[in-house]
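**Q** Please find one structure pasted underneath; my questions will follow.
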Amino acid sequence: MSVDLEQFHQVFFEESFEGLDIMETGLMELDLGAANSEDINTIFRAAHSIKGGSGTFGFQGIADFTHVMETLLDEMRDGRRQVTREAVDSLLKSVDILRMMMNCEQDKSDPDTDTIKRQLTELEAILGTSSGGGEVAAETTSSSSTSSGAGWNIVFEPDANMMLTGNDPLRIIRELAELGEIEVNTHQEKLPVFSALEPENCYLSWDIILHGDIAESVIKDVFLWVEDECKLTLTPIVNESAQPVAEEAKSEATQPVKAAATTKAPAGDNKKAANAGSSSIRVSIDKIDDLINMVGELVITQSMLSLLGEDFTMENLEKLQDGLGQLERHTREMQESVMMIRMLPISFSFSRFPRLVRDLSTQMGKKIDLVMSGENTEIDKTLIEKIGDPLVHLVRNSLDHGIEMPADRIAAGKNETGTINLNAYHKGGNIVIEITDDGKGIDPDAVLNKAIEKGLVPPGANLSNQQINELIFQAGFSTAKEITDVSGRGVGMDVVRKNIASLGGAVEIQSEFGKGSTFTIRLPLTLAILDGQTVIVGDEIYIIPLVSIVESIQINSDMINKVAGKGETFKLRDEYIPIVRLSSVFGIENAKAKELEDGLLVVVEADRKPCGLFIDDLLGQQQVVIKSLEQNYHRVDGVSGATILGDGSVALILDIPGLLRMSVKH
Amino acid sequence: MNAENDSINHDEDQTQFLSFTLGDEDYGVNILRVQEIRGWEEVREIPKTPDYIKGVLNLRNTVVPIIDLRIRFGFEKVEYIPTTVIIVLSVEKDDGSHVMGVVVDAVSDVLNIDPDNIKDAPNFGAKVNTKFMNGMVMVDERMVILLNVDKLLEQDELAAIENMSS
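Chains as they are written, first to last, in the numbering used here: chain A, 330 to 995; chain B, 10 to 175.
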């Protein structure tokens, strides 16, 4: 073929990984015994698309493997076969192997043929058609497939409407002629009288004899685009030694690929393979249209402004202000829609868990229900990619350490089946992800003893339960008695916390011994832009993230309460709120407001606790682009990053929770 | 013929250093590490950092830390005057390259130095901790201390920050 297919490979892989995800999800949701044929159809369509694509791009191994899966699915769909747990398990395993094969094709490495062969045998055993399947297995491993020394007899009967799909039988025959010498015999019996002839229909069929040593797959490639729209029979020309392959090859080739061929897997539903590691993103056309509209408006505003600027007089001042206001609004809207493009539902991250929980719980002999909610919560694409591993780790932990064996659960008076809840929601400017299990919780004594033994805590230390729970985030801590392949290497929780912190988030644990644990992950919505309040203390300008601000107030002396040894508090609506002076936490000497009455209190909230941050004055609200301090320097306590102000100077963005922790130490 | 070849090779072996002054002393940094030289301008202070970290500066949309080498090396502080400059350096660390600015009294010259003439730094004489030094070299009867820029923003001040916060 003259077109360079390589350029489409990336798209093919992306779509196929997506298809695999659809298959996996579909298989997980199948009701054993009473499967809905529409569900099976969805899985079948995904498999069929993968088969078609891989054939087109010459990944014969993948195509053949998928073909066997497809046959099985086809029988299930038609109700000829029961949906058994065994079959579903095997199909799931096959999905894994397909994914492995595709990864191998993607980085052009060799797949593990043994595993593939074993899985094929397993599938065939289920199918019970080992003869036909065995043929395919041979093809997969050697991929050279059957060839016939002398040539092939090809019976090619196009469906009447084949030409409507843009396929020209003549072209196919010409292509065959390029493979070797051909003899073509045309059947014209179906040709109607001229008056009844429908010019767009194909009435002819052909018997073609192709001479030469040509592989079957090569011939099938020629017919690839029309295989669903014709009757095709391939028979090798038998020399003296009869080849039994003929029959199988025939059944193989005439295998009617039912329906569905034209209905592609549901596309355009804004999905992307979460684990493909590819760098493209699918965006719904609506989002793009919005963006284009906004760019249009922006251009109009810009031309209006430049017209004003050409000969500006003071009478036009109001117009100018209007224009600038519009410009600001459009820029903001555009920024929002650009950010929206990066947002994906968190289900991309969640989708792997049903499978994970199912596999691991079977492996460990535990009974576990996974309940997920809030999968449609949208979150920045980068965060989705980066939060995956920490989440897997936490879920594995809950599975391994949290949920008890069924017998233990019954003994503890609990339901035999444990539950793991995965929940995601927006709160303030954050995404919150909760992983809750109703397992045995954290044993404070065991953790404390372990910590003392490891030297993380001095013996005899008196810690609260919460402090003890926090210990599991320390490096080198693991209470599992034996190291399993699920968890227990002790390189877990500290890495989880570090990874989450590097995303600007935090992870907390709440646990009750005997009742279960909850891990709460908080993440910022996006990593790039933030709404900020600019404040000034002395000569220094800081940005407070708007999401952590509750209100800003000026207080008078009778609201203030000095608590001996505990610093200052003030009374706001019957609540005593501690005051933190930014100038003293940061050691700023030339703060203008010395007395609390002279400055302003910005009431901020961190970890659900309010606090009054004392500053000189408020400057304004603006959106700021977050620049990393770490890039050239390193983390600074109480500061989450920096930004560049309109005048080109740098301002630091305050990390409110960190700042409040500092003030406690202070 | 031979002599000429020698001298050419000699030239190629030479390394260029940018020299600058701090008080009475001359220092040099490998010129390949120098990104630009700019006049002193006000920087944004970073709270809770050692006093030689003057703050951060916006350098074409990246935030770059600025170090006062005088304070870093234990000279007394001086008022910044028009010749006070910031040398912007690229620094190689384990986690990649970073950009950093150092404040010095004045930039003096570009020196061509034969690596053979670089001597190990003695552990006395200069006010500089030898950890920051790659060596020293005599140029026109003046001693120039060659700095190891990768070490300027390192460990001990990290430790210092941790000490301050704990």
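Just so you know, even glycine gets a beta-carbon here, dropped at the ideal spot from N, CA and C. All values derive from a computational prediction rather than experimental measurement.
Quick one, which residues of the segment 49-60 of chain B are near chain A if we go by CB-CB under 8 Å, in chain order?
**A** Listed by position, the residues of the segment 49-60 of chain B near chain A (Cβ gap below 8 Å) are E51, V52, R53, E54, I55, P56, K57 and T58.
**Q** Would a C-beta distance cut-off of 8 Å place B:I154 and B:Y61 closer than the cut-off?
**A** For the purposes of this step, residue 154 of chain B is taken as residue 145 along the second sequence, with counting starting at 1. For the purposes of this step, residue 61 of chain B is taken as residue 52 along the second sequence, with counting starting at 1. In this structure, B:Y61 does not lie closer than 8 Å to B:I154 by Cβ.
**Q** How many Å lie between A:R406 and A:T371 at the Cα?
**A** By one-based count along the first sequence, residue 406 of chain A stands at place 77. By one-based count along the first sequence, residue 371 of chain A stands at place 42. Straight-line Cα distance between these residues: approximately 10 Å.
**Q** Residues of the segment 860-878 of chain A with a CB closer than 7 Å to any CB of chain B: list them in chain order, please.
**A** Cβ contacts with chain B come from E869.
**Q** So, with DSSP's three-state summary, where would you put A:G652?
**A** Counted from its first residue, the first sequence places residue 652 of chain A at position 323. Residue state, collapsed to three classes: helix.
**Q** Is B:D114 buried or exposed, if buried means 16 or more other CB atoms sit within 10 Å of its CB?
**A** For the purposes of this step, residue 114 of chain B is taken as residue 105 along the second sequence, with counting starting at 1. It is buried - the Cβ of B:D114 has at least 16 other Cβ atoms within 10 Å.
**Q** So, at 8 Å on beta carbons, what are the nonlocal neighbours of A:T444 in its own chain, with the 5 sequence-adjacent residues on each side left out?
**A** In the first sequence, the residue the question calls residue 444 of chain A occupies position 115. Excluding sequence neighbours, A:T444 sits near I426 and M429.
**Q** Do we get a CB-CB distance below 8 Å when we pair A:Q960 with the residues of chain B?
**A** Here residue 960 of chain A is taken as the residue at index 631 of the first sequence, counted from 1. Interface residue, yes.
**Q** What's the call for B:V52, buried or exposed, on a 16-neighbour Cβ count within 10 Å?
**A** Your numbering for residue 52 of chain B matches position 43 in the second sequence. Classification for B:V52: buried.
**Q** Who pairs with B:T71 in a beta bridge, going by DSSP?
**A** Position 62 of the second sequence, counted from the first residue, corresponds to residue 71 of chain B. For B:T71, which the question treats as bridged, DSSP gives the partners B:L68.
**Q** Rounded to whole angstroms, what's the CA-CA distance from A:I675 to A:S702? Just pull it up for me.
**A** Translated into positions along the first sequence, residue 675 of chain A becomes position 346. Translated into positions along the first sequence, residue 702 of chain A becomes position 373. Roughly 10 Å between the two C-alpha positions.
**Q** Please list the segments of the beta strand (DSSP E) lying wholly inside the segment 742-774 of chain A, counting only runs of 3 or more residues, in order along the chain.
**A** Runs found: 747-756 and 759-766.
**Q** Thinking C-alpha only, which one of A:V836, A:M991 and A:L947 is nearest A:Q883?
**A** Mapped onto the first sequence, residue 883 of chain A falls at position 554. Per the Cα distances, A:L947.
**Q** Check A:F341 in the structure and name its three-state DSSP category.
**A** Counted from its first residue, the first sequence places residue 341 of chain A at position 12. Looking at A:F341 - three-state DSSP - the assignment turns out to be helix.
**Q** Give the straight-line distance between the Cα atoms of A:L852 and A:I870, rounded to the nearest whole angstrom.
**A** The count along the first sequence starts at 1 and reaches residue 852 of chain A at position 523. The count along the first sequence starts at 1 and reaches residue 870 of chain A at position 541. So the two alpha carbons sit approximately 26 Å from each other.
**Q** Rank B:L161, B:I76, B:K160 and B:K102 by C-alpha distance to the C-alpha of B:E50 and give the top, closest one.
**A** Taking the first residue of the second sequence as position 1, residue 50 of chain B is located at position 41. Per the Cα distances, B:I76.
**Q** Can you look up B:F26 in the DSSP assignment and give me helix, strand or coil?
**A** As a position in the second sequence, residue 26 of chain B is number 17, starting the count at 1. Three-state result, B:F26: strand.
**Q** Where A:I455 and A:I537 are concerned, what is the direct C-alpha to C-alpha distance, given to the nearest angstrom?
**A** Mapped onto the first sequence, residue 455 of chain A falls at position 126. Mapped onto the first sequence, residue 537 of chain A falls at position 208. Cα to Cα, A:I455 sits roughly 36 Å from A:I537.
**Q** Using a C-beta cutoff of 8 Å, does B:V65 count as contacting chain A?
**A** Looking up residue 65 of chain B in the second sequence gives position 56. So yes, B:V65 belongs to the interface.
**Q** Counting pairs of beta carbons, one from the segment 781-795 of chain A and one from the segment 711-728 of chain A, are three or more of them closer than 8 Å?
**A** Verdict: no, contact absent.
**Q** Select from the segment 975-987 of chain A all residues with a C-beta closer than 7 Å to any C-beta belonging to chain D, and list them in chain order.
**A** Absence of chain D from the displayed structure is noted, the protein chains being A and B.
**Q** To the nearest angstrom, report how far apart B:D103 and A:I760 are at their CA atoms.
**A** Numbered from its first residue, the second sequence carries residue 103 of chain B at position 94. Numbered from its first residue, the first sequence carries residue 760 of chain A at position 431. For B:D103 and A:I760, the distance between alpha carbons rounds to 33 Å.
**Q** Along the segment 534-557 of chain A, what residues have a CB closer than 8 Å to any CB found in chain B?
**A** For the segment 534-557 of chain A, which is checked against every Cβ of chain B, not one residue is closer than 8 Å.
**Q** Looking at C-alpha atoms only, which residue of A:I502, A:N514 and A:T746 is the closest neighbour of A:S690?
**A** In the first sequence, residue 690 of chain A corresponds to position 361, counting from 1. Among A:I502, A:N514 and A:T746, the Cα nearest to that of A:S690 belongs to A:T746.
**Q** Return yes when the Cβ of A:I858 is within less than 8 Å of the Cβ of A:F848, no when it is not.
**A** Against the first sequence, residue 848 of chain A aligns to sequence position 519. Against the first sequence, residue 858 of chain A aligns to sequence position 529. No, the Cβ-Cβ distance between A:F848 and A:I858 is not below 8 Å.
**Q** Judging by CA-CA distance, which residue of A:C433, A:L420, A:N432 and A:W554 is the nearest neighbour of A:R447?
**A** The residue given as residue 447 of chain A occupies position 118 in the first sequence. A:R447 has its Cα closest to that of A:L420, out of A:C433, A:L420, A:N432 and A:W554.
**Q** Quick one, which of B:T30, B:I127, B:L41 and B:V158 has its alpha-carbon nearest B:M109's?
**A** Along the second sequence, one-based indexing puts residue 109 of chain B at 100. Comparing Cα-Cα distances from B:M109 to each of B:T30, B:I127, B:L41 and B:V158, the minimum goes to B:V158.
**Q** Under 9 Å between beta-carbons, which chain A residues line up against B:N70? List them in chain order, please.
**A** Within the second sequence, the letter at position 61 stands for residue 70 of chain B. Correct list: V954, K956 and I973.
**Q** Would A:D966 pass as an interface residue toward chain B - the criterion being a Cβ-Cβ separation below 8 Å?
**A** By one-based count along the first sequence, residue 966 of chain A stands at place 637. By this cut-off, A:D966 is an interface position.
**Q** Let me confirm a value: A:F523 is counted as buried when at least 16 other C-beta atoms fall within 10 Å, else exposed. Which label applies?
**A** The residue given as residue 523 of chain A occupies position 194 in the first sequence. Flag for A:F523 reads exposed.
**Q** Determine the extent of the beta strand (DSSP E) in which A:P487 is found, giving its start and end residues.
**A** Along the first sequence, read from residue 1 onward, the residue named residue 487 of chain A stands at position 158. Counting along the chain, the beta strand (DSSP E) containing A:P487 begins and ends at G480 to P487.
**Q** Where do the ends of the alpha helix (DSSP H) carrying A:Q435 lie?
**A** The count along the first sequence starts at 1 and reaches residue 435 of chain A at position 106. Note, A:Q435: alpha helix (DSSP H), R414 to Q435.
**Q** To the nearest angstrom, report how far apart A:I872 and A:R902 are at their CA atoms.
**A** Working through the first sequence from its first residue, we reach residue 872 of chain A at position 543. Working through the first sequence from its first residue, we reach residue 902 of chain A at position 573. Going from the Cα of A:I872 to the Cα of A:R902 covers about 26 Å.
**Q** Which residues does DSSP pair with A:M398 in a beta bridge?
**A** For the purposes of this step, residue 398 of chain A is taken as the residue at position 69 of the first sequence. A:M398 pairs with nothing; no bridge assigned.
**Q** In three-state DSSP terms, what is A:A571?
**A** As a working note, residue 571 of chain A is residue 242 in the first sequence. Residue placement at A:A571 is flagged as unreliable, the pLDDT there being 41, under the threshold of 50; the coordinate-derived value follows with that caveat. Coil at A:A571, not helix or strand.
**Q** Out of curiosity, what's the CA-to-CA distance linking A:G975 and A:K900?
**A** Against the first sequence, residue 975 of chain A aligns to sequence position 646. Against the first sequence, residue 900 of chain A aligns to sequence position 571. Roughly 37 Å between the two C-alpha positions.
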